[in-house]
């Protein structure tokens, strides 16, 4: 315990400790002194812009990116404009803000991604100072231009520039300024001499804090906490004021020069926030308790604010300065009698086989503090950076929970799992010094994939996969995501053949859920490896992913084959449409001829949308039958008779070529009918043009043109029964009963005379219907008599024919009052059954 507390420094009621994270691997010497430095939050990478050693026109500054442990990730000469500021997004993208207001964005390996400008006004007046900030809206950029105007980009991923109002009397840049997040708004707080202003979207307001004494002087440095809840102001008289909702404290630092950096150092839920100030040879921790801790320093340092402390970067080391959590204070402070301290001591005595272990345990159990002791040990293990200390605390917790009957082991197991992941990423070769409070913050604030992405960006694929399995991250967000990054890098390896890379990717990935071979194929194509892309697409099971990329690669024939194999008609149509736009007409038709399915689908499309194209297809294929059908269909769309007849004649010619005599004869008949209709329309104004043969005959009969109807009947060899039916219905409809009677006597009716009875009764003409009953054939007489409601006649006919079913039909139509007729019918039926 004494060893653990050796680096603790008291500040008011709290203690602060500096934990060495890494001995830096870089060889910078005094390079931090003369370069721009930016470190990403949550233990992220470090970017340095080194000035050239030789001051010659051809020499360029060098932009270098390192891991948090100092391992070099990438380095490249800066060939763009002068840089004013460097910063990182929360997803480890490097923001390079130039003097002309251009913001260039690079990934972790120095690959350029995109850029944007902070506005034309900034281009003309240049950037005097810039800041990169993080808010609930994302990563933002704030700049002040040479015209003393502030411009904000709240989120670099969804760019929307905001120019803030002018500050009265401000010339050049202010003494100091900071970005605030208040009431879900991004604001700027600035100091101009003794005045303090706050800028929002619409106004510039001067602030007169009652807690800032007139003797305090001008504010020359300010710092906002990681959570934007606390503000620290440093004046030219050396006074440091802490502020939240109200003034918290004021302390005299005895130093009138402005610090190089001032960063808040506050762990979550701390009641005693503090600020770390950096001068040339001094590091000072000042708290609201009006006390300070001072650390002399030899190397130039850079402070990086975190949510639970401050990282201190130097040329030789990387340290973490933070307030010691209360649970760690309770366990490790000298002479502590906290439950956790007693349990830790009990476990140590147990390992020595000492009976004192039993005494400590008895004391904890008698005071009902054993469960609290286990929880304290588990909680303290989370905040310790040294693995050996973690193990001691967790072993003590495991030892104590063995003596608890109903203790839930879930927090213990979860802590072990999380610490194992944290220890794995903290090692120097990985260089991700995440603390326990930052670990859940990453998952809640930066999404599930960020931790694995940070490993992937460093090409630590095995570790990333193990972390995904260990944390049980769903495959789509975990292993498949890692494999996708790995495969994207694999296809860029120029020393391997296409075949070797395709086999390696297939062997490694297999059918991992959520993995898209088409995505990797697209990467290969972007790298100029089209053949590799095609090989990778062969492993893609989803045709909908294959085909668009093949079209992009101008492999149209292969795309069409894949679309046809998929059986997806929409996909085939998409490829065919693409081919039609890309190829000349002849090549397009020849391509379709080699794919019958695609050709058939295209024909269906043309039938609905492009009739002329359909004609060209039939002509090219010498498909006389379909071409004739096309001419017939086209004729129906024409209104001019001469064109219509011409199209039908073309159809006849094509049917003859196709040796379809029936269709040719039917088309010729259609032409004769059209000519007949046109002549009648001209002579009689009948408006028959376009009607079918039967409709034409019906219309002629309805108009009384019986001679013309009979001519059609003879010329087109209409079946006799059909013609009799048409004329019968037409005469009955017009109630021309005399004509109907004459017509019935012209010759023996081919349809019989029962239809005459029925059509007369439909017109409610019983008198006329009776004329035809006697002429009805014997087997239809019962129906004829029943049609005119002649029950006696129907009974006579049924009895005469001695037909049981007909007798039954008549009986069903009899009323109860017809008892004599019923008896007669029953006797006849009985006689019929006996026979």
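Numbering (the UniProt record's numbering), first residue to last: 1 to 835. No residue lacks a Cβ here, since even glycine has one placed at the ideal position from N, Cα and C.
Does residue i come out as helix, strand or coil in the three-state DSSP assignment?
i	result
residue 534	helix
residue 737	helix
residue 15	strand
residue 184	coil
residue 528	coil
residue 178	strand
residue 245	coil
residue 9	strand
residue 801	helix
residue 704	coil
residue 394	helix
residue 826	helix
residue 628	helix
By alpha-carbon positions, which one of the options ends up nearest to residue i?
i	options	result
residue 782	768, 72, 805 and 763	805
residue 290	279, 321, 555 and 250	250
residue 177	128, 135 and 422	128
residue 396	406, 412, 419 and 484	412
residue 539	142, 520 and 343	520
residue 313	29, 179, 672 and 171	29
residue 405	368, 435 and 392	368
residue 828	812, 260, 798 and 818	798
residue 121	580, 348, 401 and 147	147
residue 144	12, 126, 158 and 576	126
Residue i to residue j, Cα distance in whole Å?
i	j	result
residue 729	residue 762	10 Å
residue 202	residue 48	37 Å
residue 63	residue 558	45 Å
residue 695	residue 755	20 Å
residue 738	residue 768	9 Å
residue 150	residue 163	6 Å
residue 221	residue 155	26 Å
residue 388	residue 230	35 Å
residue 302	residue 473	35 Å
residue 68	residue 152	29 Å
residue 693	residue 745	26 Å
residue 547	residue 275	59 Å
residue 270	residue 16	12 Å
residue 182	residue 245	12 Å
residue 305	residue 180	15 Å
residue 795	residue 810	6 Å
residue 743	residue 701	13 Å
residue 84	residue 51	13 Å
residue 286	residue 377	30 Å
residue 759	residue 677	29 Å
residue 574	residue 500	33 Å
residue 349	residue 391	16 Å
residue 707	residue 727	12 Å
residue 100	residue 172	16 Å
Among the residues of its own chain, which have a CB less than 6 Å from the CB of residue i, if the five just before and after it don't count?
i	result
residue 394	381
residue 506	539
residue 196	207
Does the Cβ of residue i have 16 or more other Cβ atoms within 10 Å, making it buried, or fewer, making it exposed?
i	result
residue 590	exposed
residue 322	buried
residue 526	exposed
residue 492	exposed
residue 820	exposed
residue 109	exposed
residue 103	buried
residue 35	buried
residue 764	exposed
residue 358	exposed
residue 356	exposed
residue 830	exposed
residue 510	exposed
Near residue i, which residues of its chain fall below 8 Å by C-beta distance, leaving aside the five closest residues on each side in sequence?
i	result
residue 113	93, 105, 106 and 107
residue 513	475, 476 and 480
residue 813	786, 791 and 794
Excluding the 5 residues flanking residue i on each side, which residues of the same chain have their C-beta closer than 7 Å to its C-beta?
i	result
residue 482	452, 456, 461, 464, 465 and 468
residue 703	686
Against chain D, with Cβ distances strictly below 8 Å, would residue i count as a contact?
i	result
residue 341	No chain D is part of this structure, which consists of one protein chain only.
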